[in-house]
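S.K.: In the UniProt record's numbering, the protein residues as written are 1 to 219.
Dumping the structure here so I can ask a few things about it.
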């Protein structure tokens with residue numbers, strides 16, 4: 001049984017805090033983790049935060065200290081488990097219910113038009129010299145021994161996940177640097193030349209290499 005001091009602290013936390021904050025104060029548990037995971041599966045954690053956490057290079061530049069899930073307009077959800085009800089029946093005017101349903105209904109992820117299938121890994125980029133300082137003001141190239149989280153991806157160009165890696169196709173390559181100044185991307189292709197010279201022909205070239213919508217064959 002808890003002593004008088006412990007009981008007083010528990011009572012004070014319950015009376016002066018919301019239920020979620022009371023749990024956090026008494027048990028030392030952050031309610032935001034399970035609350036987000038129950039609905040949005042850590043949707044607020046972006047690639048930069050993931051890269052920094054995996055590589056251990058540095059902490060994320062942004063801090064999300066909001067105790068509750070918020071709507072697209074920043075309004076806190078009153079609860080993530082119950083709708084507004086009258087006599088036990090949900091009402092159709094609950095804006096939070098509608099927004100959650102809209103997010104769920106539109107969450108279907110389809111393959112991208114180009115570079116749909118690939119593999120990647122998080123790591124870090126480290127400068128081994130300070131010679132770049134006189135050519136650029138980019139912070140991730142200033143000084144020797146500076147580490148920057150990166151994500152590298154090797155991908156197909158038009159073939160999707162149903163094709164083997166050994167298929168005859170061009171291959172894509174991309175590196176994303178999560179710098180203090182923002183994201184810096186390097187993209188490439190394993191061909192010495194590109195498909196076309198004029199960018200207006202790009203969509204037509206990609207379409208010509210995909211499945212025929214009439215028979216679903218690559219012909």
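Ideal Cβ positions, reconstructed from N, Cα and C, are used throughout, including at glycine.
#1: Looking only at its chain, what residues have a beta carbon closer than 8 angstroms to the beta carbon of residue 202, apart from the 5 residues adjacent to it on each side?
#2: Rounding to the nearest angstrom, what Cα-Cα distance links residue 184 and residue 148 in this structure?
#3: Tell me whether residue 114 sits in a helix, a strand or coil according to DSSP, three-state version.
#4: In whole angstroms, what separates the C-alpha of residue 193 from that of residue 141?
#5: Looking at the secondary structure, which residues open and close the alpha helix (DSSP H) in which residue 95 lies?
#6: Is there contact between the segment 155–166 and the segment 114–128, where contact requires at least three CB pairs shorter than 8 angstroms?
#7: Here's the rule: buried if 16 or more other CB atoms are within 10 angstroms of the residue's CB, otherwise exposed. What is residue 86?
#8: Who are residue 76's beta bridge partners in DSSP?
#9: Would a C-beta distance cut-off of 8 angstroms place residue 111 and residue 160 closer than the cut-off?
#10: Quick one: what does DSSP say residue 204 is sitting in, helix, strand or coil?
#11: Please report how far the alpha carbon of residue 93 lies from the alpha carbon of residue 80, in whole angstroms.
#12: For a test of the three-state rule: what should DSSP assign to residue 255, helix, strand or coil?
#13: With respect to the beta strand (DSSP E) encompassing residue 151, which residues constitute its N-terminal and C-terminal limits?
#14: Should residue 51 go down as buried or exposed, given a rule of 16 or more other Cβ atoms within 10 Å for buried?
M.R.: Based on what the coordinates show:
#1: 195, 196
#2: 11 angstroms
#3: coil
#4: 29 angstroms
#5: 95–105
#6: yes
#7: exposed
#8: 70
#9: yes
#10: helix
#11: 16 angstroms
#12: The structure shown has nothing for residue 255, since the chain only spans 1 to 219.
#13: 147–156
#14: buried
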